[in-house]
Amino acid sequence: MQVSGFGWLVCALLVLGGATVFYYNRLVFNRHRVAEAASGIDVQLKRRASLIPALVECVRQYMSYEQSTLQALVQQRMRAVQLADSPLGQRAPVEAKLGSQLRQLFALVEAYPELKADSQFRELQGTISEVEDHIQMARRYYNGAVRELNVLVESVPSNLVARLFSFAPAEYFTMDDLRHGQSPKMEF
Numbered sequence: 001m002q003v004s005g006f007g008w009l010v011c012a013l014l015v016l017g018g019a020t021v022f023y024y025n026r027l028v029f030n031r032h033r034v035a036e037a038a039s040g041i042d043v044q045l046k047r048r049a050s051l052i053p054a055l056v057e058c059v060r061q062y063m064s065y066e067q068s069t070l071q072a073l074v075q076q077r078m079r080a081v082q083l084a085d086s087p088l089g090q091r092a093p094v095e096a097k098l099g100s101q102l103r104q105l106f107a108l109v110e111a112y113p114e115l116k117a118d119s120q121f122r123e124l125q126g127t128i129s130e131v132e133d134h135i136q137m138a139r140r141y142y143n144g145a146v147r148e149l150n151v152l153v154e155s156v157p158s159n160l161v162a163r164l165f166s167f168a169p170a171e172y173f174t175m176d177d178l179r180h181g182q183s184p185k186m187e188f
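For the sequence shown, UniProt numbering assigns the number 1 to the initial residue and increments by one for each residue that follows.
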């Protein structure tokens, strides 16, 4: 049996349509994965921000000479909360500074042995350290999801489908202070 020119055209269109659907679905899947990963970062950043008021109250009674440090931390937390619904790229510098101020506070705590001995402070310190680790893990997952999406958006033949349906590369989430894998120093 011989296939006519029309038959070849139909086969070619079916293959092209199937490839388009395949790559479109991969792009959609990866876009949703990036959104899910961004949500994971958001949850951890909000969790960290929610712990700061309790930490400040706990520390305030011991560190009467460090009020400017506490005030700066509270103000930075307020900036972070105000940007909670902003894209991750806009939030990164504010969140990095908040992490830096937390590290600065924990470094100052070394001069206050009675504060280091306080059980509520130790519990908050441990929880914040755990949250910082979760932020780092969520950031790694997010950046991995972004990498997968960006590879699809930028490589042939999926980039043709990406352009056709207006898929754009996603932005990596980098926090300068966390770039080297540092979480706040928390010694007991």
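Note that beta-carbon positions come from the ideal geometry of N, C-alpha and C, so glycine has one too.
Cβ distance (whole Å) where residue i is taken to contact residue j below 8 Å
i      : j      : result
Leu149 : Arg31  : 6 Å
Leu152 : Cys58  : With a Cβ gap of about 47 Å, Leu152 and Cys58 do not count as contacting.
Leu73  : Gln101 : 5 Å
Gln76  : Lys97  : 6 Å
Glu114 : Tyr62  : 6 Å
Met175 : Gly99  : 7 Å
Ala117 : Arg33  : Not confirmed; about 45 Å, so no contact.
Gln44  : Val131 : 6 Å
Extent of the continuous alpha helix (DSSP H) run through residue i
i           : result
Tyr142      : Ser119 to Glu154
Glu95       : Leu88 to Val109
residue 196 : Limits of the chain in this structure are 1 at one end and 188 at the other, which puts residue 196 out of reach.
Leu160      : Ser158 to Leu164
Ser68       : Gln67 to Gln82
Is the segment 164-176 touching the segment 85-92 in the sense that three or more CB pairs, one from each, lie closer than 8 Å?
yes
Segment contact flag, the segment 98-107 with the segment 27-42, C-beta cutoff 8 Å, min 3 pairs
no
Under 8 Å, with one C-beta from each stretch per pair, do the segment 14-22 and the segment 39-55 reach the 3-pair mark?
no
Segment contact flag, the segment 43-57 with the segment 134-141, C-beta cutoff 8 Å, min 3 pairs:
yes
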